[in-house]
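In my numbering, the protein residues as written are 164 to 301.
Contents: one structure, followed by commentary.
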Amino acid sequence: MLSKKTKYGLKALTFIARQEDDVPVQVGEIAKGEQIPQKFLESILLTLRKAGVLGSKKGKYGGYYLRHTPAEINMADVMRVLEGPIAMVPCVSLNFYEKCDDCVDEQECSVHKLMIQVRDSNLNVFKNTTLADLSFSE
């Protein structure tokens with residue numbers, strides 16, 4: 164299940180991407196517009212800033228802005244930043260692989276085979292979806 168952190172992060176990114184001008188968007192405006200608790204949102208936006216997805220500007224007219232165009236922001240990257248591994252079990256993770264303690268042979272494991280298919284399907288959707296697809300779809 165998608166965490167609230169990721170759900171709110173996607174909503175916040177979409178909110179920022181939909182802004183008409185390239186002026187930074189204040190946290191309070193995003194929180195109010197998307198009905199996200201402001202303190203939680205601040206933490207999420209900080210994570211996205213540290214990952215290079217967002218930039219920030221301090222001061223009276225400060226806020227957050229996209230560091231790339233919405234078409235350049237890939238959902239696979241955003242999901243990994245906010246949610247962690249895309250794979251549901253560590254033994255099929257491409258970036259965070261760990262052997263399962265209870266598995267004798269990964270190649271014979273029925274769970275492993277199924278989870279590779281799930282990972283690949285999810286990854287295909289995420290890699291082929293950008294923030295522009297979420298922000299500007301009708």
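All residues carry an ideal CB built from backbone N, CA and C; glycine is no exception.
All figures in this text were calculated on a predicted structure; none of them were measured in a lab.
Going by DSSP, what residue range makes up the beta strand (DSSP E) through residue i?
i: Leu165; result: First-last for Leu165: undefined, no H or E at that position.
Where does residue i fall in DSSP's three states?
i: Thr177; result: helix
i: Leu217; result: strand
i: Thr292; result: coil
i: Gly226; result: strand
i: Met278; result: helix
Considering just the uninterrupted stretch of the alpha helix (DSSP H) at residue i, what are its terminal residues?
i: Gly196; result: 190–197
i: Ala239; result: 238–246
I believe residue i touches residue j by the beta-carbon criterion, under 8 Å. Please report the beta-carbon distance rounded to the nearest angstrom.
i: Gly225; j: Pro187; result: 6 Å
i: Glu246; j: Pro253; result: That pair is no contact at about 14 Å.
i: Val244; j: Leu217; result: Not quite, the Cβ-Cβ distance comes to about 10 Å (not below 8 Å), so this is no contact.
i: Thr169; j: Ser298; result: Actually they are not in contact, since the Cβ atoms of Thr169 and Ser298 sit about 16 Å apart, beyond 8 Å.
Can you tell me which of the options puts its alpha carbon nearest to the alpha carbon of residue i?
i: Asn285; options: Glu271, Asp268, Gly196, Met242; result: Met242
i: Asp296; options: Ile207, Gly196, Met238; result: Met238
i: Lys202; options: Gly191, Cys263, Leu294; result: Gly191
i: Ile179; options: Leu204, Lys290, His275; result: Leu204
i: Glu183; options: Tyr228, Ala194, Asp264; result: Tyr228
i: Lys220; options: Asn287, Leu173, Asp185; result: Asp185
i: Asn291; options: Gln198, Leu209, Leu176, Ile236; result: Ile236
i: Ser197; options: Ala175, Arg282, Asn287, Cys272; result: In the sequence as presented, Ser is not what sits at residue 197; that position holds Glu. Minimum Cα distance to Glu197 is reached at Ala175.
Exposed or buried, what is residue i when buried is set at 16 or more other beta-carbons lying within 10 Å of its beta-carbon?
i: Tyr171; result: buried
i: Thr293; result: buried
i: Ala250; result: buried
i: Val255; result: buried
i: Leu257; result: exposed
i: Ala234; result: exposed
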